[in-house]
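J.:
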Amino acid sequence: DGGITQSPKYLFRKEGQNVTLSCEQNLNHDAMYWYRQDPGQGLRLIYYSQIVNDFQKGDIAEGYSVSREKKESFPLTVTSAQKNPTAFYLCASSILGSEQYFGPGTRLTVT
Amino acid sequence: RKEVEQDPGPFNVPEGATVAFNCTYSNSASQSFFWYRQDCRKEPKLLMSVYSSGNEDGRFTAQLNRASQYISLLIRDSKLSDSATYLCAVNLNTGFQKLVFGTGTRLLVSP
Chain A
1 DGGITQSPKY
11 LFRKEGQNVT
21 LSCEQNLNHD
31 AMYWYRQDPG
41 QGLRLIYYSQ
51 IVNDFQKGDI
61 AEGYSVSREK
71 KESFPLTVTS
81 AQKNPTAFYL
91 CASSILGSEQ
101 YFGPGTRLTV
111 T
Chain B
112 RKEVEQDPGP
122 FNVPEGATVA
132 FNCTYSNSAS
142 QSFFWYRQDC
152 RKEPKLLMSV
162 YSSGNEDGRF
172 TAQLNRASQY
182 ISLLIRDSKL
192 SDSATYLCAV
202 NLNTGFQKLV
212 FGTGTRLLVS
222 P
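The listed protein sequences correspond, in order, to chains A and B. Mapping the first sequence onto the numbering used here, position 73 (from 1) lands on 73, and the numbers just tick up by one. Remember, the numbering used here sits 111 above the position in the second sequence when you count from 1.
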C-alpha cells in the first residue's frame, strides 16, 4: 500500500519541550516538504528537501529543524524556540517538478 | 498583492447546480497549477492538474487563463459530497517545485 504516513495523528506537549513529528513515504519520491496550516489560513512551507542529506528553509523555518538521512523519511522537530507551535502539520512528497501528495497530518497542541 | 488569491466563500449552492471558482496568481512566469480538495480537518487531496489546454475529469473542469493570470475550477451537477474547501496551488517557477497555496474557497452543497 503506497503512500505517505505521519505519526502521531494528535500530539500534546507542554511549552518548552521539543517535539519530533514523523513523516515516511514509500512512493520513491525524491522531494519532501513540511507545511503548517492554521485555521482560516493557507498552507505555509516550513522546510523542503530535494535529495537525501540536503534540505532548504521555506517561508517560516524559524523554530523548526529537519533531517533527511533516508529518502523515505523527513522528520520535523518543533523546538521550544517556535513561538506559536500549535497547528496542523502536513508532510508532502513529490517527484521533482510534479504534483505534491500529502500525508494525513499531525495536529500539535502545545499548552 | 498576494502571490495566490482565492475568494474564501462560502459558496452555498443546491444539489445539481453548477459552480465555478477562480484563483488569481501574481507571477506571470508560473508554470504549474493544481486544484486540491480539503475536507474539514483532513489533508489536501489532489483533485486535478491544470494544463494550458484545460483539463476535464467527469464533472470537474479546470481552465488556465494566462493573459489574465487566473485558473478556474468548474463543478457541474454538484453533489452533497462535493462540500469541501478547494485550494489552488501555483508553482512560481523558482527553479524548484515550490508550490504556493491559496487560502481556499469553501463550498457548501445543500439538498
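Using N, Cα and C, we set each Cβ at its ideal position, and we do this for glycine too.
1) One question on the structure: do Y47 of chain A and G58 of chain A come within less than 8 Å of each other, judged by their Cβ atoms?
2) Hey, quick one: how far does the beta strand (DSSP E) through L11 of chain A stretch, first residue to last?
3) Which bits of chain A does T214 of chain B rub up against, with CB to CB less than 8 Å?
4) Candidates B:S194, B:S137, B:P121: which alpha carbon is nearest A200 of chain B's?
5) For a test of the three-state rule: what should DSSP assign to S192 of chain B, helix, strand or coil?
6) Using a Cβ-Cβ cutoff of less than 8 Å, which residues in the same chain neighbour R36 of chain A once the five nearest sequence positions on both sides are dropped?
7) I want to verify the contact list: residues of chain A whose CB lies under 8 Å from the CB of G164 of chain B, in sequence order.
8) Taking 6 Å as the limit between beta carbons, can you name the residues of its chain near G165 of chain B, skipping five residues before and five after?
9) Three Cβ pairs or more, each shorter than 8 Å: is that satisfied between the stretch 95-104 of chain A and the stretch 62-82 of chain A?
10) Cβ of F102 of chain A less than 8 Å from any chain B Cβ?
11) Taking 8 Å as the cut-off, does the stretch 126-134 of chain B touch the stretch 65-77 of chain A (at least 3 CB pairs, one atom from each stretch)?
12) Is any beta-carbon of chain B found at less than 8 Å from that of G16 of chain A?
13) Taking C-alpha atoms, which residue in B:V220, B:Q117, B:R148 lies nearest to S160 of chain B?
14) Output needed for P75 of chain A: all residues of its chain with C-beta closer than 8 Å, excluding positions within five of it in sequence on either side, in chain order.
15) Under DSSP, the beta strand (DSSP E) around I60 of chain A begins and ends at which residues?
16) Excluding five sequence neighbours on each side, which residues of the same chain lie with their C-beta closer than 8 Å to the C-beta of N53 of chain A?
17) With DSSP run on the structure shown, which of helix, strand or coil describes R148 of chain B?
18) Thinking C-alpha only, which one of B:P119, B:S163, B:V124 is nearest R177 of chain B?
19) Could you work out which residues of chain B lie near F105 of chain A, taking near to mean beta carbons separated by less than 8 Å?
20) Can you tell me whether Y101 of chain A is buried or exposed, with buried defined as 16 or more other CB within 10 angstroms of its CB?
21) DSSP puts Q25 of chain A in a beta bridge; with which residues?
22) Using a cut-off of 7 Å between C-beta atoms, extract the partners of E99 of chain A located in chain B.
23) In angstroms with no decimal places, state the Cα-to-Cα distance between V220 of chain B and S183 of chain B.
T.: Looking at the coordinates:
1) For this step, residue 47 of chain A is matched to residue 47 along the first sequence. For this step, residue 58 of chain A is matched to residue 58 along the first sequence. Between Y47 of chain A and G58 of chain A, the C-beta spacing is below 8 Å.
2) Counted from its first residue, the first sequence places residue 11 of chain A at position 11. Counting along the chain, the beta strand (DSSP E) containing L11 of chain A begins and ends at 10-13.
3) As a working note, residue 214 of chain B is residue 103 in the second sequence. Within 8 Å Cβ-Cβ: G40, Q41, G42.
4) Here residue 200 of chain B is taken as the residue at index 89 of the second sequence, counted from 1. Answer by Cα proximity: B:S137.
5) Working through the second sequence from its first residue, we reach residue 192 of chain B at position 81. Helix, per DSSP.
6) The residue you call residue 36 of chain A lines up with position 36 of the first sequence. Result list for R36 of chain A: L43, R44, I46, I60, A87, F88, Y89, L90, in chain order.
7) Along the second sequence, one-based indexing puts residue 164 of chain B at 53. The amino acid occupying residue 164 of chain B in the given sequence is Ser; Gly does not appear at that position. What S164 of chain B touches in chain A: nothing, since even the nearest Cβ is about 17 Å away.
8) As a position in the second sequence, residue 165 of chain B is number 54, starting the count at 1. If we look at G165 of chain B and ignore the five residues flanking it on each side, its Cβ neighbours are Q174.
9) Here the stretch 95-104 of chain A makes no contact with the stretch 62-82 of chain A; the two share fewer than three CB pairs at distances below 8 Å.
10) Here residue 102 of chain A corresponds to residue number 102 of the first sequence, with the count starting at 1. Closer than 8 Å: yes.
11) Output reads no: the stretch 126-134 of chain B does not touch the stretch 65-77 of chain A.
12) Position 16 of the first sequence, counted from the first residue, corresponds to residue 16 of chain A. The C-beta of G16 of chain A comes no closer than 8 Å to any C-beta of chain B.
13) Within the second sequence, residue 160 of chain B is the residue found at index 49, counting from 1. Taking only the C-alpha atoms, the option nearest S160 of chain B is B:R148.
14) Here residue 75 of chain A corresponds to residue number 75 of the first sequence, with the count starting at 1. Spatial neighbours of P75 of chain A in its own chain (CB-CB distance under 8 Å, excluding positions within 5 residues in sequence) are listed in chain order as T20, L21, S22, C23, V66, S67.
15) Along the first sequence, one-based indexing puts residue 60 of chain A at 60. Looking at the DSSP string, I60 of chain A is not in any beta strand (DSSP E), and its letter there is neither H nor E.
16) Residue mapping note: residue 53 of chain A aligns to position 53 of the first sequence, counting from 1. So the list reads R68, E69, once near-sequence residues are dropped.
17) Counted from its first residue, the second sequence places residue 148 of chain B at position 37. In the structure shown, R148 of chain B falls within a strand segment according to DSSP collapsed to helix, strand and coil.
18) The count along the second sequence starts at 1 and reaches residue 177 of chain B at position 66. Nearest neighbour of R177 of chain B by Cα position, chosen from B:P119, B:S163, B:V124, turns out to be B:S163.
19) Taking the first sequence and counting its residues from 1, one reaches residue 105 of chain A at position 105. In the sequence on display, residue 105 of chain A carries Gly and not Phe. Contact annotation for G105 of chain A against chain B: K153, E154 [CB-CB distance below 8 Å, chain order].
20) Along the first sequence, read from residue 1 onward, the residue named residue 101 of chain A stands at position 101. Looking at its Cβ environment, which holds 16 or more other Cβ atoms inside 10 Å, Y101 of chain A is buried.
21) Counting from 1 along the first sequence, the entry for residue 25 of chain A is found at position 25. Beta-bridge pairing links Q25 of chain A to A:I4.
22) Against the first sequence, residue 99 of chain A aligns to sequence position 99. In chain order: F145, L157, S160.
23) Translated into the one-based positions of the second sequence, residue 220 of chain B becomes position 109. Translated into the one-based positions of the second sequence, residue 183 of chain B becomes position 72. The straight-line gap from Cα to Cα measures roughly 18 Å.
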